[in-house]
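Only one structure is covered here, and it is reproduced in the block below.
2 protein chains.
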Amino acid sequence: MGIRPSSTRGDQTREALIDAAIEIFGRDGFRAASTRSIADAAGVNQALIGYHFGGKPGLYLAAFERITGAVEQHLLPVTQPIEEEFRRGEVDRERGVAYVLTMIDAIVATFTLPESEAWARLILREQQNPSDAFDRLYDRVLGRHLTLMTALIARVRRLDPQSIEARLISQTVIGQGLVFRSARATVLRHLGWRELGTGEIASIQSVIRRNVTAMLTGR
Amino acid sequence: MGIRPSSTRGDQTREALIDAAIEIFGRDGFRAASTRSIADAAGVNQALIGYHFGGKPGLYLAAFERITGAVEQHLLPVTQPIEEEFRRGEVDRERGVAYVLTMIDAIVATFTLPESEAWARLILREQQNPSDAFDRLYDRVLGRHLTLMTALIARVRRLDPQSIEARLISQTVIGQGLVFRSARATVLRHLGWRELGTGEIASIQSVIRRNVTAMLTGR
DNA sequence: GTCTATAAAGTGATAGAC
DNA sequence: GTCTATCACTTTATAGAC
């Protein structure tokens, strides 16, 4: 207490390396990304990766940890209140639908952020070939949100929240939003869009809201 | 005509290299995949990549071309008859729904095939960072099927087939199926599954069918 | 058409000066 | 905490024998 370390030179180096690592690991993959290109992009000496992170794998883990925190930071302000209200047993069927819509809106918003381009590349890679880094992401963020959405859907559809059906419906809801990130090149071409701006994102959210309402309520 | 070249030694080498390339480019990415590891996996000398494909980029293009053909071969037997019936103006609203369901079933089936694991890794990579190879896949396969599904959905929902809304609905339908490939690690963990077998795939198709029917008809 | 051998460039890690 | 220099290894491409 008292002394604020502000930001030492070493801290700045660490941060710059992590930022560059997210970008370059995402673009090239773990093995193809060279420590020299990451150090260059960070404006930092290559030998400092060894000093600060022990080596290339340590830097990768630090980069993925940062992504996990960033995704959490974007979703939690929306989902934590819902989670608490649900735990208190205050969520009826009507509110359940509304909260599923709120959650999918937040997921679409998060994964269409410009920053999410770099995150998503790394996360998609891990999905196809999970390493230790993925475990942390799933345990801290993905699993938690899937559990909540499944619970809401189970309440609305009067299903067992442990049932395969409730879980599968969750996945299909989230899949409707994630396709705009995971199949991005296809989406842009088919829609004739150059990028996902605020107008485009609003259109996406509106269509998904209508789909999900119909899926859950038949209306 | 007359002479059947059967399969020369060179042809076998080409085929073995392409098979190995799909696997290893998919696993490691273009840059990280070494021509030596591909040649080893193919049981072939490393120098033959230069001889048959001109070099590493040529082999990558050949591998992606093969994937394009494979996806086409799985989808076209289902979708071509629908395409023709639609062109003859014989598809009413009820049939339109049935054909959207048939198409999404085929898409799920194709992208849960064991072989599709290797294809999908490459296709997902191209989605985040499209190269020339992606253009061919989109023009030959993806665009064609998106156009057909959008036309069917437009008919059912009485929308302009050129409208953004009809196209967005197509994407959300397909997204429900693709999430089981693109977010595979997350899906398996959340569902408590070890892999997608025939039973699991049937459950997925059943849930998506119900979702899509509700989305398109309100029933 | 396939092989061996090798040139030229790049890789991650690290020792040691400051 | 940062730097330069370098080691040991791997990479792609290719020349040339068979």
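Those sequence lines, one after another, are chains P and W. Numbered according to the numbering used here, the first sequence terminates at residue 1171, and the numbering increases by one at each position without gaps. Numbered according to the numbering used here, the second sequence terminates at residue 1171, and the numbering increases by one at each position without gaps. The beta carbon of each residue, even a glycine, is placed where N, CA and C say it ideally should be. Since we're looking at a predicted model, the values are computed, not measured.
- Item | Residue burial classification, Asp-1057(W) (beta-carbon count within 10 angstroms, cutoff 16) | buried
- Item | Arg-1171(P) to Trp-1145(W) span [Cα, whole Å] | 32 angstroms
- Quick one: is Thr-1138(P) near chain W, going by C-beta distance under 7 angstroms? yes
- Who are the near neighbours of Gly-954(P) in its chain, counting only those whose CB is closer than 7 angstroms to its CB and skipping five residues on each side? Because the pLDDT at Gly-954(P) is just 41, under 50, the model does not fix this residue reliably, and the point stays unresolved.
- Message: Within 10 Å of its beta-carbon, does Asn-1163(W) have 16 or more other beta-carbons around it, so buried, or fewer, so exposed?
- Response: buried
- Message: I need the straight-line Cα distance from Gly-962(W) to Ile-1001(W), nearest angstrom please.
- Response: 11 angstroms
- Task: Answer with yes or no whether the minimum CB distance from His-1142(W) to chain P is below 7 angstroms.
- Result: yes
- Please classify Phe-1016(P): does DSSP put it in a helix, a strand, or coil? helix
- Query: Should Ser-1184(W) be labelled buried (16 or more other beta-carbon atoms within 10 Å of its own) or exposed?
  - Reply: What is shown of chain W runs 953 to 1171, which leaves residue 1184(W) out entirely.
- Task: Taking only heavy atoms of the ligand GDP into account, decide whether any of them is closer than 6 angstroms to the Cβ of Val-1049(W).
- Result: Absent from the structure shown: the ligand GDP. Ligands present: none.
- Query: Under a CB-based cut-off of 7 angstroms, is Ile-1160(P) close to chain W?
  - Reply: yes
- Task: Name, please, each residue of chain P whose Cβ falls closer than 7 angstroms to the Cβ of Phe-1086(W).
- Result: Ala-1137
- Query: Based on Cα-Cα distance, which residue from Ile-1153(W), Gln-1080(W) and Tyr-1090(W) lies nearest to Phe-1147(P)?
  - Reply: In the sequence as presented, Phe is not what sits at residue 1147(P); that position holds Glu. Minimum Cα distance to Glu-1147(P) is reached at Gln-1080(W).
- Query: Where do the ends of the alpha helix (DSSP H) carrying Tyr-1003(W) lie?
  - Reply: 999–1005
- Item | Contact between the stretch 1044–1054 of chain P and the stretch 1007–1025 of chain P (3+ Cβ pairs under 8 angstroms) | no
- Query: Which residues, taken in chain order from the stretch 976–997 of chain W, show a beta carbon closer than 9 angstroms to some beta carbon of chain P?
  - Reply: Gly-978, Arg-979, Asp-980, Gly-981, Phe-982, Arg-983, Ala-984 and Ala-985
- Task: Put Asp-971(W) into one of helix, strand or coil per three-state DSSP.
- Result: helix
- List the residues of chain P whose Cβ lies closer than 8 angstroms to the Cβ of Arg-1171(W), in chain order. Gly-1170
- Thr-960(P) versus Ala-1118(P) - alpha carbon distance: 49 angstroms
- Neighbouring residues, chain W, relative to Ile-1121(P) (Cβ below 8 angstroms): Val-1159 and Asn-1163
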